[in-house]
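Counting from 1, position 30 in the sequence shown corresponds to residue 30 in the UniProt record's numbering; the numbering is continuous, with no gaps.
Each residue gets a CB set at the ideal place from its N, CA and C atoms; glycine is no exception.
I have placed the structure first, in the form of structure tokens, so that the comments after it can refer back to it.
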Amino acid sequence: MLYISLLLLALGITLVVLRRREVVEFRLATLTGILTGAVGLLLGLSTFTYVVEPYEVGVPTTLGKVGTTWQSGLHLKSPLTDVTTFSTRPADLNLTGNDTVEVRSSEGGVLYADLTVKWSIDPEHTLALYKLAGSAEAVQQRLVYPDSREIVRNVFARHTGVEGYSTQREAITAEIDKLITARLAPRGILVNGVNLRNVKPSDGLQKAIDQKIQQDQATAQAEAAVRTAKAEAEKRKIDSESTAAANTAIANSLTDKILMSQCIEAFKAAAEKNPVYASPCGSAGTPVIVDGTKK
Numbered sequence: 001m002l003y004i005s006l007l008l009l010a011l012g013i014t015l016v017v018l019r020r021r022e023v024v025e026f027r028l029a030t031l032t033g034i035l036t037g038a039v040g041l042l043l044g045l046s047t048f049t050y051v052v053e054p055y056e057v058g059v060p061t062t063l064g065k066v067g068t069t070w071q072s073g074l075h076l077k078s079p080l081t082d083v084t085t086f087s088t089r090p091a092d093l094n095l096t097g098n099d100t101v102e103v104r105s106s107e108g109g110v111l112y113a114d115l116t117v118k119w120s121i122d123p124e125h126t127l128a129l130y131k132l133a134g135s136a137e138a139v140q141q142r143l144v145y146p147d148s149r150e151i152v153r154n155v156f157a158r159h160t161g162v163e164g165y166s167t168q169r170e171a172i173t174a175e176i177d178k179l180i181t182a183r184l185a186p187r188g189i190l191v192n193g194v195n196l197r198n199v200k201p202s203d204g205l206q207k208a209i210d211q212k213i214q215q216d217q218a219t220a221q222a223e224a225a226v227r228t229a230k231a232e233a234e235k236r237k238i239d240s241e242s243t244a245a246a247n248t249a250i251a252n253s254l255t256d257k258i259l260m261s262q263c264i265e266a267f268k269a270a271a272e273k274n275p276v277y278a279s280p281c282g283s284a285g286t287p288v289i290v291d292g293t294k295k
């Protein structure tokens, strides 16, 4: 920009000088020279200022020397100063498509994990990140990207294929989030969340997972059937014990006098229809005459 402004300023001055010396006959040359010089002057003045946009941090460098960071706002600078800006807004690292992470389970099966890592730059560490990476794009490519892929592989390697594919998805996501945060935080990179969007097993692993799920379901059904059978057997045992106890209690309570009294009462009721009724309720087989009319 500085060179362009100097060139325009020189061109404008040249046109004005040539017109006054009548080297150039057209008056339009004077106006053109003035406008060109004014544009060059304005461009030259703009090289002495720089505006850092909101949610950005600027890092100035002058002839290879790195200065202190600039916050958002207008700043005066040397025309020889270059400014590299870093956005502090959250950014998404999408590990999908060609960047899908190929991982292996603890059993050696292959899975493909799609995830998104939400990260942002800590403004207080912008200068260190500039010295380490050079730009915001380089921060993602040199730090966030490789570290995230490495951690994802390490976490899945501690889980089985079934756990990574279905049963432990939430726990794995939380573990990945925790480890990436711990890895990047000392470098001034804030992790705002990890979203494990999809985990797809390879064809061979999918077949093994389906077989394992079917075996688990069959085992669960068999265990449920055993529990049901044990419960029914226990119920039958309790019923039989209750019946036996009741029969024993009845047998112990039925004396000869009680049996004779109940027998007489029964035949007395029958004698209501037949005034004289002989019943075998007597002792030693002696019949007892129940007269329904005389009571």
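Residue i - DSSP class collapsed to helix/strand/coil
| i | result |
| --- | --- |
| H75 | strand |
| G97 | helix |
| T228 | helix |
| P186 | helix |
| F156 | helix |
| L143 | helix |
| L80 | coil |
| Y165 | helix |
| D239 | helix |
7 angstroms Cβ cutoff met for residue i and residue j
| i | j | result |
| --- | --- | --- |
| V191 | I176 | no |
| D122 | G188 | yes |
| V110 | S202 | yes |
| T49 | V59 | no |
| T62 | S87 | no |
| T126 | V57 | yes |
| residue 335 | P90 | Since the first and last residues shown for the chain are 1 and 295, residue 335 lies out of range. |
| V199 | R153 | no |
| G67 | S105 | no |
| L115 | R197 | yes |
For residue j and residue i, the rounded distance between their alpha carbons
| i | j | result |
| --- | --- | --- |
| V83 | A185 | 25 angstroms |
| T81 | A182 | 35 angstroms |
| M217 | A225 | The sequence shown places Gln at residue 217, rather than the Met named in the question. Between Q217 and A225, the C-alpha separation is close to 12 angstroms. |
| E170 | K118 | 17 angstroms |
| Q140 | E53 | 21 angstroms |
| N195 | L95 | 10 angstroms |
| E150 | Y55 | 30 angstroms |
| residue 296 | T100 | This structure does not reach residue 296, given that the chain is present from 1 up to 295, and the question cannot be answered. |
| residue 297 | Q221 | No answer is possible for residue 297: it lies beyond the span of the chain, which begins at 1 and ends at 295. |
| A174 | D239 | 52 angstroms |
| G193 | L74 | 33 angstroms |
| K178 | A157 | 16 angstroms |
Exposure of residue i, with buried meaning 16 or more beta-carbon neighbours within 10 Å
| i | result |
| --- | --- |
| S148 | buried |
| A113 | buried |
| L76 | exposed |
| V162 | buried |
| I172 | buried |
| V51 | exposed |
beta-carbon residue i near the ligand MN non-hydrogen atom, thresh 6 angstroms
| i | result |
| --- | --- |
| S135 | What this structure holds is no ligand at all, so the ligand MN is not there to describe. |
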